[in-house]
Amino acid sequence: EFTPPTTSSEAKFSYDPENPDPSNGGGTLHKALHADGPRDQQQIELREDVLCYSTEPLKEAIEVTGPIQVKLWAKSDAPNTDFTAKLVDVFPDGTAFNLADGIIRAAKQHGDNVQNNINEYTIDLWATSNLFQKGHQIRVEISSSNFPRFDPNPNTGDNFINSTESQIANQTIYHSSEFPSHILLPIVR
């Protein structure tokens, strides 16, 4: 059951397509470029363009099985950009294994209404099944790239396949009762 936040807050980061967040594990067809499957995300989580939201250590094990979505309220100063999300299982020693990830091209959901507007984005992380053990944390990573798994968005609004220009996008993520960013987890009881 989702309980919206009672206080307003926001988090900001800048996404530079010339320095995208590197893929580390996950689903891929590019096994020659990077390893697939669960991999420790701790180094990636140290980047300034990755936001991490974690539960407290779990008091009991929780099974998550089924489709996962992130509902993200965000604003960008770019004409088009991407938002990425990753579900992570954090072990008591800090090791953080990725379980599922997804991406949304902002203009795909909101057309020309991206730049400087607060919009809700739905990021599909597909389905997974994991038993988060007692003492572990459930974490969501938010960023704007996951390369080479996904091509970096140049943030210009131009056709990025042929684009030779790029720009830095300043992103704001909202978490409030008015703009309640959250993850939808299928918890098995």
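Sequential numbering from 529 applies to the sequence shown in our numbering.
Every residue gets a Cβ at the ideal spot worked out from N, C-alpha and C, and that includes glycine.
Computed from a predicted model, the values in this text were never measured in an experiment.
Return the residue from the list Asn687, Phe675 and Tyr649 that minimises the CA-CA distance to Pro708. Position 180 of the sequence shown, counted from the start, is the residue given in the question as residue 708. Considering only alpha carbons, the answer is Tyr649.
Are Leu653 and Leu615 touching if we call contact CB-CB under 7 angstroms? On the sequence shown, residue 653 is found 125 positions in, with the first residue counted as 1. On the sequence shown, residue 615 is found 87 positions in, with the first residue counted as 1. Contact: yes.
Sort out for me which residues DSSP pairs Val642 with in a bridge. Taking the sequence shown and counting its residues from 1, one reaches residue 642 at position 114. In the DSSP output, where bridge partners are listed per residue, Val642 has none listed.
Using 8 angstroms for Cβ pairs, my map puts Gly639 next to Thr612. What's the rounded Cβ distance? Residue 639 sits at position 111 when you count from the first residue of the sequence shown. Residue 612 sits at position 84 when you count from the first residue of the sequence shown. Rounded to the nearest angstrom, the Cβ distance from Gly639 to Thr612 is 20 angstroms, too far for a contact under 8 angstroms.
Residues in the same chain with beta-carbon distance under 6 angstroms from Val716, minus the five sequence neighbours each way, listed in chain order, please. Within the sequence shown, residue 716 is the residue found at index 188, counting from 1. Take Val716, set aside five residues on each side of it, and the residues of its chain with a beta-carbon closer than 6 angstroms to its own are Glu591 and Thr593, in chain order.
Taking the alpha carbon of Tyr581 as the point to measure from, which residue in Arg633, Thr656, Ile646 and Ser537 has its own alpha carbon closest? Along the sequence shown, one-based indexing puts residue 581 at 53. When only C-alpha atoms are compared, the closest one is Ser537.
Could you check whether Gln699 and Gln684 sit closer than 7 angstroms to each other, using their CB atoms as the reference points? Against the sequence shown, residue 684 aligns to sequence position 156. Against the sequence shown, residue 699 aligns to sequence position 171. The sequence as given places Thr at residue 684; Gln does not occur at that position. Against a cut-off of 7 angstroms, the Cβ pair of Gln699 and Thr684 comes out as no contact.
Just list the alpha helix (DSSP H) runs in the segment 622–686, keeping only unbroken ones of 4 residues or longer that don't cross its boundaries, in chain order. The segment 622–686 contains these whole alpha helix (DSSP H) runs: 634–638.
Quick one, are the C-beta atoms of Pro550 and Pro682 less than 7 angstroms apart? As a first step, residue 550 is located in the sequence shown; it is residue number 22 there, counting from the start. As a first step, residue 682 is located in the sequence shown; it is residue number 154 there, counting from the start. Taking the C-beta atoms as reference points, Pro682 is found no nearer than 7 angstroms to Pro550.
Taking the beta strand (DSSP E) that Glu591 falls in, what are its first and last residues? Residue 591 sits at position 63 when you count from the first residue of the sequence shown. From DSSP, the beta strand (DSSP E) with Glu591 extends over Ile590 to Ser604.
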